[in-house]
Amino acid sequence: VIAVMEKKSAWHTPSEFHYWNIGIYWLLAGNPENAMISFQKELNEGGRELGSILALYDLHRLDEFETRFSNYRETPDQNAGIAAVYAWTGDSDKAFELLDKMISDIGPEALRQIDRRILRRLESDPRWQDLPGQRRSGHQLPEPIDFQLELPTEILNQ
Numbered sequence: 504v505i506a507v508m509e510k511k512s513a514w515h516t517p518s519e520f521h522y523w524n525i526g527i528y529w530l531l532a533g534n535p536e537n538a539m540i541s542f543q544k545e546l547n548e549g550g551r552e553l554g555s556i557l558a559l560y561d562l563h564r565l566d567e568f569e570t571r572f573s574n575y576r577e578t579p580d581q582n583a584g585i586a587a588v589y590a591w592t593g594d595s596d597k598a599f600e601l602l603d604k605m606i607s608d609i610g611p612e613a614l615r616q617i618d619r620r621i622l623r624r625l626e627s628d629p630r631w632q633d634l635p636g637q638r639r640s641g642h643q644l645p646e647p648i649d650f651q652l653e654l655p656t657e658i659l660n661q
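The sequence shown begins at 504 in the numbering used here and counts up one residue at a time.
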């Protein structure tokens, strides 16, 4: 996924959150160095800062992480991003406290404000199932469709 998205950057002008997505995939792959490089290219200022904070944590640059996260928490209307950082860093209590507040203030759709890939770290917590409007990751996938595709010989021989 990362390789495809990075190749896309060469032939397509990146839109907002393009580099955010690459950075998140790098974090999930355990490569915070490349994640930081991607986040620093992000066009959306909020996404750039939030991604950088997540990468700093995974890079174990904790003094810089604490300073930037402290400044980020002082920015108005950042509950979704703050909850995301708490979820990413394993502070489930604070993450759920903010998620509950967001749901109380906005409604169940509040969870859509946070990248699902970050919230996955909370899904093993029993409180996750109690959140109204939470999007379950354990949903059943449909049964695979069994079909046979037969291509013409001239296509197979190309």
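Note that beta-carbon positions come from the ideal geometry of N, C-alpha and C, so glycine has one too.
Predicted model, so just to flag it, every value in this text is computed and none were measured.
Whole beta strand (DSSP E) elements within the region 547–599, 3-residue minimum: none
Beta-carbon spacing of Ala587, Ile606 below 8 Å: As a first step, residue 587 must be located in the sequence shown, where it is residue number 84. As a first step, residue 606 must be located in the sequence shown, where it is residue number 103. Cβ distance not < 8 Å, so Ala587 and Ile606 don't count as in contact.
Element boundaries [alpha helix (DSSP H), containing Asp633]: On the sequence shown, residue 633 is found 130 positions in, with the first residue counted as 1. That run of the alpha helix (DSSP H) goes Pro629 to Asp633.
Ser518: first and last residue of the uninterrupted alpha helix (DSSP H) it sits in: Locating residue 518 in the sequence shown gives position 15, counting from the first residue. Where Ser518 is concerned, there is no enclosing alpha helix (DSSP H), because DSSP gives it neither an H nor an E.
Cβ-based burial, Leu530 [other Cβ within 10 Å; buried from 16]: By 1-based counting over the sequence shown, the position of residue 530 is 27. Buried, because 16 or more other Cβ atoms sit within 10 Å of the Cβ of Leu530.
Helix, strand or coil at Asp649 according to DSSP, with G and I counted as helix: In the sequence shown, the residue the question calls residue 649 occupies position 146. DSSP places Asp649 in coil when its eight states are reduced to three.
Three-pair Cβ contact test at 8 Å for the region 565–577 versus the region 529–543: no
Inter-residue Cα distance where the pair is Leu625 and Ile609: Working through the sequence shown from its first residue, we reach residue 625 at position 122. Working through the sequence shown from its first residue, we reach residue 609 at position 106. In a straight line, the C-alpha of Leu625 is about 20 Å away from that of Ile609.
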